[in-house]
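Have a look at the structure below before the remarks.
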Amino acid sequence: MSETQIFVNFIITTALIITIRYYFYNRFLEFSNKKMIYLFFLLEIIVSIISRTSNNSSNFKIVFIFIFFEFIISSITCSAKPLVKLYTVILIETIMILISLTFFIIDFKLYPILNGLFIKIGYYKVLNTILINLGDILKEVILFLLLTAISSVLKIKDHKLDLYKQFQLIIPCAAIYGISLIFYNIQIINIGKTKYYLPKIFTNTYYLLPLISVFLIISIFISAYTFQKMLEYDRENEKNSLMKQQLNLQFEHNKNIQKLYRSTRGTMHDINKHINCLNLLAYSGDIDALKEYLNNISETIKKLDSYIKTGNVVADAVINEKYTIASNEGIEFKCDFTVPENIKIEPIDLSSILNNTLDNSIEACRRIKNKKLVKFVSIKSIVKNSFLIIEVSNATDIGIKYIKNNIISAKNTNNHGIGIYNIKFALKKYNGTFDIKEEKNKVTVNMMIKI
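All letters in the sequence shown, in the order written, are residues 1 to 451 by the UniProt record's numbering.
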């Protein structure tokens with residue numbers, strides 16, 4: 001090919017590849033913002049020019065430098081985990097190599113025959129250029145279709161991947177890339193000053209090369225499909241765990257209501273008995289016995305006075321239960337919490353919010369090792385601008401720990417993580433917000449719910 005033909009081919013293939021990369025990055029990773037899109041095109045053009053001037057695509061060093069540059073571009077312009085970006089770069093390069101390997105037999109068998117016909121016709125240069133460009137365009141079209149199919153199967157943007165899952169994603173693709181790269185780079189062997197083309201030496205064997213390439217492409221699809229199913233399975237497990245916790249909360253809610261009902265009924269029964277006894281003592285005229293009896297029932301009166309009332313039956317049941325638990329464990333429990341009558345929140349959601357936040361606070365106090373630190377749990381509420389603001393704070397002597405942006409408990413990582421998830425899930429239904437503030441020996445959770 002002449003310099004002009006090579007330049008035309010470079011412009012066409014570069015434009016197509018950059019466009020395909022843009023489409024796939026945007027669909028698979030997503031660009032950070034619009035400015036990053038312009039930066040992406042600029043950097044891709046620069047890298048393409050650098051790779052062309054190297055003029056040694058079969059060199060392993062050049063290949064890995066190109067991978068490195070593409071990874072840097074994706075890291076700067078796109079939003080995703082680093083290993084996911086690296087997977088995206090390797091995936092594109094792997095499929096491009098496999099497509100080229102699939103076309104190897106066509107290059108060494110069909111092209112020479114067509115070139116012979118072009119020479120006879122007399123328009124060899126023009127027709128040869130058209131043929132090469134059409135071949136490259138066909139390869140890019142196949143690349144586009146395959147990447148579109150993979151991005152339809154594997155929806156990375158819908159999931160948050162930890163480091164372990166990122167390695168699970170990238171390792172199969174990297175292995176296939178390594179195999180493909182070896183196959184691609186052994187096609188031409190330099191011995192001294194002589195070049196040996198293996199497809200010409202082992203022609204019959206190389207008829208299997210397209211089949212091997214297709215098999216490896218299918219393997220990439222199987223790997224992507226399997227990984228997506230694994231992510232869906234994990235999400236389903238998470239939903240099941242959430243459902244189980246919601247059922248447990250519903251059970252606890254019903255139990256609290258029953259306990260509150262029994263407690264109220266028992267107290268009323270005791271009061272009726274006390275009134276009857278007081279009447280008998282009063283009518284009998286035994287003033288000393290009457291005074292002694294009044295002193296004996298003071299505990300019952302204290303019980304009534306200490307009962308926390310919030311204006312909401314659900315909140316009463318939950319907070320009083322947590323108050324009892326905290327008091328029994330030597331944890332000071334402060335409550336300045338009321339629920340507006342006009343609040344539009346389902347009982348199960350209010351129960352979930354209060355249960356989980358107070359459980360987390362009590363659990364934090366249980367884990368305090370500093371004996372000089374006063375253990376306390378405090379819950380407050382205020383109404384401001386049509387919003388109910390709930391503040392729950394507790395003492396602590398350790399910092400907040402996070403896994404996947406969730407607070408975790410050293411005692412039970414899974415349940416604590418689900419608890420925070422339940423709080424956020426319930427708040428989200430009412431356009432609420434969730435915020436955590438950490439101070440010295442104190443953690444405060446602020447939640448806001450629209451009334």
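Glycine included, every Cβ here is placed at the ideal spot set by N, Cα and C.
Owing to the predicted nature of the structure, the values given are computational and were not obtained by experimental measurement.
Assignment of residue 433 by DSSP, reduced to helix, strand and coil, places it in the strand class.
Taking all protein chains in view, the Cβ of residue 40 is crowded by 16 or more other Cβ atoms within 10 Å, so the residue is classified as buried. Closest in C-alpha terms to residue 105, from the list 129, 207, 45 and 315, comes 207. Secondary structure of residue 315 (DSSP, three-state): helix.
Between residue 170 and residue 80, the C-beta spacing is not below 9 Å.
Bounds of the beta strand (DSSP E) holding residue 445 are 442-450.
Cα atoms of residue 336 and residue 434: separation of roughly 19 Å, rounded to the nearest angstrom. Bridge pairing for residue 378: 334 and 393 [DSSP]. Residue 294 and residue 276 have their C-alpha atoms roughly 13 Å apart.
For residue 190, the enclosing beta strand (DSSP E) has its first and last residue at 188-191. The three-state secondary structure of residue 194, taken from DSSP, is strand.
Rounded to the nearest whole angstrom, the C-alpha separation of residue 158 and residue 349 is 25 Å. In the DSSP assignment, residue 388 is bridged to 383 and 449. Out of 235, 238, 379 and 449, the CA that lies nearest to the CA of residue 310 is found in 379. Excluding the 5 residues flanking it on each side, residue 280 has no same chain C-beta neighbour closer than 6 Å.
The continuous stretches of alpha helix (DSSP H) do not include residue 285, and DSSP gives it neither H nor E. The DSSP assignment places complete beta strand (DSSP E) segments of no fewer than 3 residues inside the segment 146-192 at 188-191, in order along the chain. For residue 80, no alpha helix (DSSP H) segment is defined, and its DSSP state is neither H nor E. Separation of the CB atoms of residue 325 and residue 308 is rounded to 13 Å, and the pair is thereby denied contact status at 8 Å. The segment 208-216 makes no contact with the segment 130-140; the number of CB pairs closer than 8 Å stays below 3. Excluding sequence positions up to five before and after residue 70, its CB lies within less than 6 Å of the CB of 89, all in the same chain and listed in chain order. Classified as exposed, residue 251 has fewer than 16 neighbouring CB atoms from the shown chains inside 10 Å of its CB. An exposed status is given to residue 234, since fewer than 16 other beta-carbon atoms sit within 10 Å of its beta-carbon.
Per DSSP, reduced to three states, the secondary structure at residue 346 is coil, with no helix or strand assignment. Residue 377 and residue 327 have their alpha carbons spaced roughly 10 Å apart.
Excluding residues up to 5 positions away in sequence, 94, 216, 219 and 220 lie with their Cβ nearer than 7 Å to the Cβ of residue 176 in the same chain. Under DSSP, residue 232 forms no beta bridge with any residue. Partner residues in a beta bridge of residue 93, as assigned by DSSP, do not exist. The three-state reading of DSSP puts residue 215 in helix, counting H, G and I together. The beta carbon of residue 78 sits closer than 7 Å to those of 25, 29, 30, 31, 32 and 85, all from its chain and outside the five residues before and after it, given in chain order. Setting aside the 5 residues that flank it on each side, residue 87 is surrounded in the same chain by 169, 170 and 173, each with a C-beta closer than 7 Å to its C-beta; the list follows chain order.
If you draw a straight line from the Cα of residue 193 to the Cα of residue 152, it is about 47 Å long.
If you ignore the 5 residues before and after residue 35, its C-beta comes within less than 8 Å of no other C-beta in its own chain. Out of 75, 50 and 76, the CA that lies nearest to the CA of residue 65 is found in 50.
Nearest Cα to residue 316 within the set 255, 428 and 360: 255.
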